[in-house]
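A.B. asks: Starting off with a structure, shown below.
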Amino acid sequence: MSKKKDDIDHLTEKEAAAELKRLASEIKLHDAAYYLSDAPTITDAAYDALRARNTALEAKFPRLIRDDSPNKRVGATPTTGFSKVTHAVPMLSLGNAFTEEDVTEFIDRVRRFLSLPEDAQVEVTAEPKIDGLSFSARYEDGRLVVAATRGDGAEGEDITENIKTIGAMPLKLKGPRSNVPSVIEIRGEVFMTKKDFAKLNAAQAAKNAKVFANPRNAAAGSLRQLDSKITASRPLRIYAYTWGALEGMAWDTKMAFLEQLEAWGFPVNERSKLCRSVPDMIAAYNKLGEDRADLPYDIDGIVYAVNSLAWQKRLGFVSRSPRWAIAHKFSAEQAQTTLERIEIQVGRTGALTPVAHLTPVNVGGVMVARATLHNEDEIARKDIREGDTVVIQRAGDVIPQVVQVLAEKRPKSSMAYVFPEKCPVCKSLAIREPDEAVRRCTGGLTCAAQAVERIRHFVSREAFDIEGLGEKHIEAFFEDGLIKSPADLFTLAKRGGKAKLMEREGWGEKSVDNLFQAIERRRTVPLERFIFALGIRQVGQATARLLAHAYGSYESWRKAMIAARDEDSDAYRDLTNIEQIGPSVATDVVAFFAEKHNRDILDTLDKELTIEPFEAPDVGDSPIAGKIVVFTGTLVAMGRSEAKAQAQALGAKVAGSVSKKTDLVVAGPGAGSKLKEAEALGVKVVTEEEYLALIGG
Ligand code: IVH
1 MSKKKDDIDH LTEKEAAAEL KRLASEIKLH DAAYYLSDAP TITDAAYDAL
51 RARNTALEAK FPRLIRDDSP NKRVGATPTT GFSKVTHAVP MLSLGNAFTE
101 EDVTEFIDRV RRFLSLPEDA QVEVTAEPKI DGLSFSARYE DGRLVVAATR
151 GDGAEGEDIT ENIKTIGAMP LKLKGPRSNV PSVIEIRGEV FMTKKDFAKL
201 NAAQAAKNAK VFANPRNAAA GSLRQLDSKI TASRPLRIYA YTWGALEGMA
251 WDTKMAFLEQ LEAWGFPVNE RSKLCRSVPD MIAAYNKLGE DRADLPYDID
301 GIVYAVNSLA WQKRLGFVSR SPRWAIAHKF SAEQAQTTLE RIEIQVGRTG
351 ALTPVAHLTP VNVGGVMVAR ATLHNEDEIA RKDIREGDTV VIQRAGDVIP
401 QVVQVLAEKR PKSSMAYVFP EKCPVCKSLA IREPDEAVRR CTGGLTCAAQ
451 AVERIRHFVS REAFDIEGLG EKHIEAFFED GLIKSPADLF TLAKRGGKAK
501 LMEREGWGEK SVDNLFQAIE RRRTVPLERF IFALGIRQVG QATARLLAHA
551 YGSYESWRKA MIAARDEDSD AYRDLTNIEQ IGPSVATDVV AFFAEKHNRD
601 ILDTLDKELT IEPFEAPDVG DSPIAGKIVV FTGTLVAMGR SEAKAQAQAL
651 GAKVAGSVSK KTDLVVAGPG AGSKLKEAEA LGVKVVTEEE YLALIGG
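Okay, so the sequence shown: first residue is 1 according to our numbering, each after it adds one.
This is how it looks when you write it as structure tokens:
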């Protein structure tokens, strides 16, 4: 995946915005498939990759974070249990302004649309844009009858019972009956204060329960509880700011409406005010920006709305946003602090990820003690050093980042940071491919940091397919030293594992027997599954198959990989001569064998297992057998090389450019000239998903 992340550095804002848009809708579809239909159409890993890419893009382009960002949605769609509510009037979103010019343009547009003179005064309300989640509450004859989340804007979830538990929410509109419309949908924001969020998280942590990433997630998680008693126990607040459906009443201005809201008993943001000119608006924006960190709640901008409701009516909507309102966004919140230390974390594929440990600092009301440094090049490019004073920023859900080093505050004794070339956990060599941003530990199966994930991979469905060993079990067994490596699975019985497992809570004789049977059933394994299960970097299912195909048996593969350590050897040449196995994959495979502990594990596995020689399949009936396929753009579910190898294993020829002979172009996001070429030539083009469906993967 790392290669794909690198290209983020080369994306223009326009491309990034387009991709964020695509990711938002794609993730939404997958969420629906998962949560609503219980029928995911992609693997968890592919889904995680989509989300990771979205998060990485947002980190790089915080300005482009969308209102419908998947990171802002908490399991966006209803799980079972919430019924749906159709909004009588859709809940729309707002256009964004980032600069003073954007604000001027907004007012000019209003004037043009209404055919007002160039210098006509346009009054607007300015209100803090609360970073919470919006609700719509329907009152009939003054009584709350139903409340819903925004959902997709047309339809939300019924949260009536939950919203009733929020103390500030009027169940009945205050005032004389004559002053109550027959129907009104009150709209506003549910949120949690920064203080309440910190308290809730501390209590959650003490209970070993889920902690929330930020106040908005905490509010969303609290509101979307199937058990409204839980919602009642959470410190939720509201502000009301607009209406949807309305019958039997009218006002002249937005300001007058806000006053009415207050009279009915709704909390209305105390900073809402009237602006009479663009300079007024900018002054309100700047003042709010100055006070932002001291506000008790998170805000991400200011909302301007044309004050005259007659004008609002004339202005109407353009696509999904009103012409009469706009959100003037704040940039990410920043603060200065000292970078005390750079820690290198080892991820599941062995990627070494640098993390900055900071002197804790308050960034817009949230204490920040760590920030991501992305990778080695990022540290070098910004010349980030331990002891530096740095500017960090936090934007919405994005992990805090180091924006800049204040070189003038650098201590004299400071030294450039040297990125380790050994894994800090297991001390194995950490290598970096020439075209990769990430350095990786080659410790493989015996690096403690990677071990748990590797065991998980080893037992996963596509690998050894051992049932009954969930993540929690693997973690627990690893911690106790019962299973330190995949090889230990097959020696567990001999080592008295059965008795040891029976002593554990939650393990009865039956479940222990089932697990041991599941392990026993897998003592015979096809070579390609075995190779894949090892979790060697860049060796996915397709590459594992290529290797199995090329070497036939485990013994000859092992011998060749050890001999290939010498790059002048025939063994190395043979390896890189395998179609689709380039020097990069070869380096990873050879590096795996170069580590003695990996060879030790292989030897144990070899003793315990029967590894079946490769049997060449009949690819005659594959839907792409004999076809010429071109991959272009970013592939999400697998790397480019893996996709190519898989296509070849299915009998296709993979070409690098599009011609009349091309049968199929698989185009991911960012596809450029090749896609155009294909369209011009009338060659069939499919998305990655369609392609996977086609080949049945
Ligand atoms: S007015 C047509 N006022 O921001 C929508 N929205 O980006 C009119 N929001 O969906 C919305 N504070 O959830 C308005 N003071 C405020 C707001 C506010 C937060 C949210 C709201 C809306 C989103 C649009």
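Ideal Cβ placement from N, Cα and C applies to all residues, glycine included. Everything numeric in this text was worked out from a predicted model, so none of it was measured.
Where does the unbroken alpha helix (DSSP H) through Met415 begin, and where does it stop?
C.D. replies: For the purposes of this step, residue 415 is taken as residue 415 along the sequence shown, with counting starting at 1. Element bounds for Met415: n/a, residue is neither H nor E.
A.B. asks: Using 8 Å as the threshold, is the segment 425 to 438 in touch with the segment 397 to 406, meaning 3 or more CB pairs across them?
C.D. replies: no
A.B. asks: Grouping DSSP H, G and I as helix and E and B as strand, with all else coil, what is Tyr47?
C.D. replies: For this step, residue 47 is matched to residue 47 along the sequence shown. Residue state, collapsed to three classes: helix.
A.B. asks: Closest to Pro420 by CA distance: which of Phe458, Glu386 and Glu376 is it?
C.D. replies: Numbered from its first residue, the sequence shown carries residue 420 at position 420. If we check each option's Cα against that of Pro420, Glu376 comes out closest.
A.B. asks: Starting from His357 and walking both ways along the beta strand (DSSP E), at which residues does that stretch end?
C.D. replies: If you number the sequence shown from 1, residue 357 lands on position 357. Its beta strand (DSSP E) spans residues Leu352 to Val363.
A.B. asks: Taking the runs of the beta strand (DSSP E) that are 3 residues or longer, which of them lie wholly in the segment 257 to 306?
C.D. replies: 273 to 275 and 299 to 306
A.B. asks: Measuring only the C-alpha atoms, how far is Tyr35 from Ile282?
C.D. replies: Translated into positions along the sequence shown, residue 35 becomes position 35. Translated into positions along the sequence shown, residue 282 becomes position 282. Its pLDDT being 49, under 50, Tyr35 is placed unreliably by the model, and the measurement read from it follows with that caveat. One C-alpha to the other measures close to 43 Å.
A.B. asks: Compute every distance between the C-beta of Glu127 and the non-hydrogen atoms of ligand 1, then say whether any falls below 7 Å.
C.D. replies: Working through the sequence shown from its first residue, we reach residue 127 at position 127. Correct: Glu127 has its Cβ closer than 7 Å to ligand 1.
A.B. asks: For a quick check, are the C-beta atoms of Pro613 and Ser553 less than 8 Å apart?
C.D. replies: Against the sequence shown, residue 613 aligns to sequence position 613. Against the sequence shown, residue 553 aligns to sequence position 553. In this structure, Ser553 lies closer than 8 Å to Pro613 by Cβ.
A.B. asks: Could you check the C-alpha separation between Arg138 and Gly132 for me, to the nearest Å?
C.D. replies: Working through the sequence shown from its first residue, we reach residue 138 at position 138. Working through the sequence shown from its first residue, we reach residue 132 at position 132. Distance between the alpha carbons of Arg138 and Gly132 is about 19 Å.
A.B. asks: Please classify Ile159: does DSSP put it in a helix, a strand, or coil?
C.D. replies: Counting from 1 along the sequence shown, the entry for residue 159 is found at position 159. Residue state, collapsed to three classes: coil.
A.B. asks: Please confirm whether Arg537 and Gly350 have their CB atoms less than 8 Å apart.
C.D. replies: Residue 537 sits at position 537 when you count from the first residue of the sequence shown. Residue 350 sits at position 350 when you count from the first residue of the sequence shown. Contact: yes.
A.B. asks: Thr79: buried (16+ other C-beta within 10 angstroms of its C-beta) or exposed?
C.D. replies: As a position in the sequence shown, residue 79 is number 79, starting the count at 1. Interpretation of Thr79 is limited by its pLDDT of 41, a score under 50 that renders its predicted location unreliable; the figure taken from the coordinates is listed afterwards. Classification for Thr79: exposed.
A.B. asks: Tell me whether Ile130 counts as near ligand 1, meaning its Cβ is closer than 7 Å to at least one heavy atom of that ligand.
C.D. replies: Counting from 1 along the sequence shown, the entry for residue 130 is found at position 130. Ile130 Cβ: within cutoff of ligand 1.
A.B. asks: Tell me, please, which residues DSSP counts as bridged to Ile399.
C.D. replies: For the purposes of this step, residue 399 is taken as the residue at position 399 of the sequence shown. Bridge partners of Ile399: none, in fact.
A.B. asks: If you draw a straight line from the C-alpha of Arg224 to the C-alpha of Asn162, how long is it?
C.D. replies: Position 224 of the sequence shown, counting from 1, holds the residue named residue 224. Position 162 of the sequence shown, counting from 1, holds the residue named residue 162. Answer to the nearest angstrom: the Cα atoms are 8 Å apart.
A.B. asks: For ligand 1, I want to know if Glu189 counts as a neighbour, meaning its beta carbon is within less than 7 Å of at least one of the ligand's heavy atoms.
C.D. replies: Position 189 of the sequence shown, counted from the start, is the residue given in the question as residue 189. Indeed, a heavy atom of ligand 1 lies less than 7 Å from the Cβ.
A.B. asks: Do Leu92 and Gly151 have their beta-carbon atoms positioned less than 8 Å apart in this structure?
C.D. replies: What you label residue 151 is simply residue 151 of the sequence shown in a count that begins at 1. What you label residue 92 is simply residue 92 of the sequence shown in a count that begins at 1. For Gly151 and Leu92, no; Cβs fall outside 8 Å.
A.B. asks: Report the rounded CA-to-CA distance for Arg276 versus Tyr239, giving the unit in angstroms.
C.D. replies: Indexing the sequence shown from 1 puts residue 276 at position 276. Indexing the sequence shown from 1 puts residue 239 at position 239. Approximately 24 Å between the Cα atoms of the pair.
A.B. asks: Kindly examine ligand 1 and report whether one of its heavy atoms sits closer than 7 Å to the Cβ of Ser134.
C.D. replies: Taking the sequence shown and counting its residues from 1, one reaches residue 134 at position 134. Because some heavy atom of ligand 1 lies under 7 Å away, the Cβ of Ser134 counts as near it: yes.
A.B. asks: How long is the line joining the alpha carbons of Thr442 and Glu343, rounded to whole angstroms?
C.D. replies: Locating residue 442 in the sequence shown gives position 442, where the first residue counts as 1. Locating residue 343 in the sequence shown gives position 343, where the first residue counts as 1. Using only the alpha carbons, I get a separation of about 18 Å.
A.B. asks: Taking one C-beta from the segment 461 to 468 and one from the segment 381 to 394 each time, how about it: are there three or more such pairs within less than 8 Å?
C.D. replies: no
A.B. asks: Among all the DSSP beta bridges, which residues are the ones paired with Val318?
C.D. replies: What you label residue 318 is simply residue 318 of the sequence shown in a count that begins at 1. BP columns for Val318 point to Ser321.
A.B. asks: So within the segment 473 to 553, which uninterrupted beta strand (DSSP E) runs reach at least 3 residues, ignoring any that extend past its ends?
C.D. replies: Runs of the beta strand (DSSP E) inside the segment 473 to 553: 524 to 526.
A.B. asks: Can you find a heavy atom of ligand 1 that lies under 7 Å from the Cβ of Val303?
C.D. replies: Counting from 1 along the sequence shown, the entry for residue 303 is found at position 303. Answer for Val303: yes, Cβ within range of ligand 1.
A.B. asks: Taking DSSP as the reference, what is the three-state secondary structure of Leu339?
C.D. replies: Sequence index remark: in the sequence shown, residue 339 carries index 339 (1-based). Correct three-state label for Leu339: strand.
A.B. asks: Determine the extent of the beta strand (DSSP E) in which Phe106 is found, giving its start and end residues.
C.D. replies: Translated into positions along the sequence shown, residue 106 becomes position 106. It is not in any beta strand (DSSP E) - Phe106 instead sits in the alpha helix (DSSP H) that spans Glu100 to Leu114.
A.B. asks: In angstroms, rounded to a whole number, what distance separates the CA positions of Ala671 and Ala17?
C.D. replies: Residue mapping note: residue 671 aligns to position 671 of the sequence shown, counting from 1. Residue mapping note: residue 17 aligns to position 17 of the sequence shown, counting from 1. Answer to the nearest angstrom: the Cα atoms are 15 Å apart.
A.B. asks: Please state the DSSP three-state secondary structure of Ala564.
C.D. replies: Here residue 564 refers to the residue found at position 564 of the sequence shown. Coil, per DSSP.
A.B. asks: Between the Cα of Leu681 and those of Ala430, Val666 and Lys661, spot the shortest distance and give me the residue it belongs to.
C.D. replies: Translated into the one-based positions of the sequence shown, residue 681 becomes position 681. The option with the nearest alpha carbon to Leu681 is Lys661.
A.B. asks: Which same chain residues end up closer than 8 Å to Arg410 when comparing Cβ atoms and leaving out the 5 residues on each side of it in sequence?
C.D. replies: Looking up residue 410 in the sequence shown gives position 410. Excluding its 5 nearest sequence neighbours in each direction, Arg410 has C-beta neighbours in its own chain below 8 Å: Arg385, Gly387, Asp388 and Thr389, listed in chain order.
A.B. asks: Using the rule of at least 16 other Cβ atoms within 10 Å of the residue's Cβ for burial, across every protein chain shown, is Pro176 buried or exposed?
C.D. replies: Your numbering for residue 176 matches position 176 in the sequence shown. Pro176 comes out exposed.
A.B. asks: Could you check if Arg521 is buried or exposed, using at least 16 other CB atoms within 10 Å of its CB as the buried criterion?
C.D. replies: As a first step, residue 521 is located in the sequence shown; it is residue number 521 there, counting from the start. Per the 10 Å Cβ criterion, exposed.
A.B. asks: Just to confirm my understanding: we take Lys172, look at its own chain, exclude 5 residues before and 5 after, and list those with CB closer than 6 Å. What are they?
C.D. replies: The count along the sequence shown starts at 1 and reaches residue 172 at position 172. Counting only Cβ-Cβ distances below 6 Å, and skipping sequence neighbours, we find Gly142 and Arg143.
A.B. asks: Starting from Ser308 and walking both ways along the beta strand (DSSP E), at which residues does that stretch end?
C.D. replies: On the sequence shown, residue 308 is found 308 positions in, with the first residue counted as 1. Per DSSP, Ser308 belongs to no beta strand (DSSP E) and is neither H nor E.
A.B. asks: Leaving aside the five residues before and after Pro583 along the sequence, list all residues of the same chain whose C-beta is less than 8 Å from its C-beta, in chain order.
C.D. replies: Your numbering for residue 583 matches position 583 in the sequence shown. Thr576, listed in sequence order.
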